[in-house]
Structures are given as C-alpha cells and as structure tokens.
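Colleague: This is the structure I have questions about; it appears just below.
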Amino acid sequence: MLYIVIGFLWLSICLYLLFGGADFGAGIVELLTFNKKDKREIRQIMDSTMGPVWEANHMWLIIFIVIMFVGFPQMYSLMSTYNHIPLILMLLGVIARGTSYTFRHYDVINDNWEKLYSQIFIYASFLTPLFLGIVAGSAVSGSINTHPNNFLEGYVYSWLTPFNISVGIFTSACCAYLAAIYAIKDVANESATQIVLIRKAKQMMLFVILSAILVFGVGMYSKLPIINWIYNSPIGTVSVLLSILCMCLVYFSLVKNKFNFIRFLAASQIGLFLIAGTEGHYPYLIYLKDGSSMSLLKDHGGDAAIYYLGWALIWGSCLILPFLIYLIIAFSKKKATVAH
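Counting with the numbering used here, you get residues 827 to 1166 for the letters of the sequence shown.
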C-alpha cells in the first residue's frame, strides 16, 4: 500500500503542474506580452479559456498536502517549518490571483481598480509557481539547515539560494509554456488570435529552454550533482531524450499549424521533465544541509495510516476522476463550438 501512496503523491504534483500550472501560466503569458494589442488578444483568450476546470485543479495541491500530512508527517513538519516563508507566499499567491481574476473579469467599469486587479493577477501568477519551484529545489539541493545559528540560516537561507530560485524560474516557465500551448486549440484556426498564440508559444518554449540551461548552470556552479541526478539511470536519460523529442514535435506542430496532438505532446514533455528530475532521487525526497536525507520508504507514518490513506486515495479517485473527465470534455466541446 505504501507504493500506491507514493504513486499518488507523485501523480498529484504532476497533475497540479500540468493542469493547475497552466492556470498560473495564463497570467505569466499576459505578463510577458509587451505589445498592447497582443496583450488584449492574450487576455481575451485566456479569460475565455480559464474556467471551472482549471480552477478545480487546485485540488491536486490539496491532495499532495494531505498525503504529506497523513502519510509522511515528519517530512511535512520539516518542510512546513523551514520553508514556511515561501509556502505562505505561495498560498497567498493562489488566493490573490484567484480573487483578483474574479474582480477583474466581472468588473463592469474599466478604471484604476480594474488595472490594479490585472497587475495583482499577472504578478501573482508568476510568483506562485516561482515559490513552488523554490520549495521543490530546497528539498533536493541540501540547502535546508535544521541546526541553524540564527533565524536567517534556518528560515531564509534554507530556501533562498541561486539554485532554488533557478528551479522556481523554470517552474514558472513550464507553466507559461503549457498555458500558451493549451490555449491554441481554443481559438479559430488561422485567426489573428491563433497567430499571436503561436508566436507566444514559441517564445515560452524558448523561456523553458533558457531556464532549463539556467538550472543546469547554477546547479553545476553550486557543485550539485545535477548531471548524476538525471543521467545516472536509464529512466532519467530516456526521459530527457523523450522530452526533447516531444519539444521538437511541438515546435514542428507550431510551424506546420498541426495542433491535433500538441497538448498531449506539451504535457508529455513537462511530465517527462518531472520524471527525469525525481527518479534520480527516489526514494529520497529531502536532502538536508548536514548530509542526512529523508526517505519515502523509511520516514513514513504508521502502517495503519498508510493502509487507510491508500484505500482513501483509491476510492476517492474512483469518485472524482470520472466527474472531472466529464467536466473537461463538456467544457472542451463548448469551447470548440465557440472557436468554430
């Protein structure tokens, strides 16, 4: 049952990145669009694309937190203690962007308040996945100091490092990339809006590539075994190669205006990135500054807790997933009708 719980743990963060991440990416794409006409086009399509389906994907983050709290309480306690600052900022970002989007979307007057809501939305959209990536980076980089001499060493420098920030930037880049790709099929073929989205998708792809290079560069400069993390196992190596192949196919699809499988390819690319980045650490989830580590196979909760948590996840997925799939299909058909 422990392996089932671990599988759901990985799946929850993967789905949150693939679906909830695209929600954040909508604001990031708008933030990184500087032409006023293009910004209006991007805002209109993102407003029509965002909806109950994307907002519902915050449940994957909730599931991840519940699994950590119930199944791996020691890890949950450690991360929530030494990373409480970025975690609080991330949660504030989730709240700020959701409320500001609602106020801006339904505000009937185009005034200074509406502009303020837009600024909150786009900057919170960038900062929220940034802090999510920073927390993830701190878990694997060995920067968490559990024996600090002062507040800064324990609760600031445990997460505020160049490598962790680079992972945060890469996470935000992935979110923006997914949002741009996902939105392409929601607009009419060969329309002006689609042309703008294709251009933005190419730019966000470049953003992903540059931020990935940044992660590798900063990791090597920080003397982290980042190459070994990914290329030490056949699974990691194959995942990276397949991810690069998916990215090439996405670019080919953008050039040729062939969008039938572009969402699947983009999601596969990011999912394979995640496999490559996590498989090399398994079963260790957290590395500490003193050289110790915490393992999913050893540092878990009691057997009874794992047993009942596993069954709760199995039965819960049987109840939730069919309705979520139905919701996605229903809104996809609605958007397809509007687009055409």
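Just so you know, even glycine gets a beta-carbon here, dropped at the ideal spot from N, CA and C.
Source: prediction; values computed, not measured.
When you compare the CB positions of residue 994 and residue 959, do they come within less than 8 Å of one another, or not?
Modeller: Yes, the Cβ-Cβ distance between residue 994 and residue 959 is below 8 Å.
Colleague: Distance check for residue 896 and residue 1130, CA to CA, integer angstroms please.
Modeller: Going from the Cα of residue 1130 to the Cα of residue 896 covers about 11 Å.
Colleague: Look at the alpha carbon of residue 1155 and the alpha carbon of residue 899, and state the distance between them as a whole number of angstroms.
Modeller: So the alpha carbons of these two residues sit roughly 36 Å apart.
Colleague: In terms of residue numbering, what span does the alpha helix (DSSP H) encompassing residue 1037 cover?
Modeller: Note, residue 1037: alpha helix (DSSP H), 1018 to 1047.
Colleague: State the start and end residues of the unbroken beta strand (DSSP E) segment that holds residue 1121.
Modeller: Per DSSP, residue 1121 belongs to the beta strand (DSSP E) from 1119 to 1121.
Colleague: Taking just the CA atoms, how far does residue 1120 sit from residue 907?
Modeller: The straight-line gap from Cα to Cα measures roughly 15 Å.
Colleague: Give the DSSP-derived three-state secondary structure of residue 1113 in the structure shown.
Modeller: Residue 1113 falls in the strand class under three-state DSSP.
Colleague: Report the residue ranges of all alpha helix (DSSP H) runs contained in full by the region 839 to 881; include only those spanning at least 4 residues, in chain order.
Modeller: Counting only runs of 4 or more, we get 847 to 857 and 862 to 875.
Colleague: Taking contact to mean 3 or more Cβ pairs, one atom from each stretch, closer than 8 Å, check whether the region 1062 to 1072 and the region 1012 to 1023 are in contact.
Modeller: Too few Cβ pairs lie closer than 8 Å, so no.
Colleague: For the structure I just gave you, are there three or more beta carbon pairs, one from the region 937 to 951 and one from the region 1014 to 1032, closer than 8 Å?
Modeller: Too few Cβ pairs lie closer than 8 Å, so no.
Colleague: Alpha helix (DSSP H) containing residue 894: first to last residue?
Modeller: First-last of the alpha helix (DSSP H) with residue 894: 884 to 897.
Colleague: Taking the alpha-carbon positions, what's the residue 973 to residue 1140 distance?
Modeller: Near 38 Å, if we compare the C-alpha coordinates of residue 1140 and residue 973.
Colleague: Looking at C-beta atoms only, is the number of pairs between the region 934 to 944 and the region 977 to 988 that lie closer than 8 Å three or more?
Modeller: Too few Cβ pairs lie closer than 8 Å, so no.
Colleague: For residue 912, collect the residues of the same chain with a Cβ closer than 6 Å to its Cβ; drop the 5 residues on either side in sequence, then sort them by chain order.
Modeller: If we look at residue 912 and ignore the five residues flanking it on each side, its Cβ neighbours are 957, 960, 961 and 985.
Colleague: Using DSSP's beta-bridge definition, name the partner residues of residue 970.
Modeller: According to DSSP, which records beta bridges pairwise, residue 970 is partnered with 1114.
Colleague: Among 1091, 1106 and 1040, which has the Cα closest to the Cα of residue 1056?
Modeller: Here the closest residue by C-alpha is 1106.
Colleague: Would you kindly report the start and end of the unbroken alpha helix (DSSP H) that includes residue 1008?
Modeller: Residues 988 to 1010.
Colleague: Helix, strand or coil for residue 1126, going by three-state DSSP, please let me know.
Modeller: Reduced to three states, the DSSP call for residue 1126 is coil.
Colleague: Starting from residue 1055, follow the alpha helix (DSSP H) in both directions and report where the run begins and ends.
Modeller: From DSSP, the alpha helix (DSSP H) with residue 1055 extends over 1052 to 1057.
Colleague: Within 10 angstroms of the Cβ of residue 867, are there 16 or more other Cβ atoms? Answer buried if so, exposed if not.
Modeller: Under this definition residue 867 is a buried residue.
Colleague: Roughly how many whole angstroms lie between the Cα atoms of residue 1075 and residue 1091?
Modeller: Taking the straight line from one Cα to the other gives about 7 Å.
Colleague: Kindly confirm or deny that the region 1112 to 1119 and the region 964 to 973 touch, where touching means at least three C-beta pairs closer than 8 Å.
Modeller: The region 1112 to 1119, when compared against the region 964 to 973, does touch it at the 8 Å Cβ threshold.
Colleague: Please state whether DSSP places residue 903 in a helix, a strand or coil.
Modeller: Reduced to three states, the DSSP call for residue 903 is helix.
Colleague: Pull up the distance between the alpha-carbon of residue 953 and that of residue 847, whole angstroms please.
Modeller: In a straight line, the C-alpha of residue 953 is about 12 Å away from that of residue 847.
Colleague: For residue 1146, is the classification buried or exposed, using 16 other Cβ atoms within 10 angstroms of its Cβ as the cut-off for buried?
Modeller: It counts as exposed.
Colleague: Using the C-alpha atoms, what's the distance from residue 1051 back to residue 838?
Modeller: The straight-line gap from Cα to Cα measures roughly 26 Å.
Colleague: Going straight from the alpha carbon of residue 1002 to that of residue 978, what length do you get?
Modeller: Taking the straight line from one Cα to the other gives about 32 Å.
Colleague: If we call anything under 8 Å between Cβ atoms a contact, is residue 872 one with residue 892?
Modeller: No; because the gap between Cβ atoms is not below 8 Å, this pair is not in contact.
Colleague: So, with DSSP's three-state summary, where would you put residue 1136?
Modeller: Correct three-state label for residue 1136: helix.
Colleague: What's the gap between the Cα of residue 852 and the Cα of residue 882?
Modeller: Rounded to whole angstroms, residue 852 to residue 882 spans 15 Å at the Cα level.
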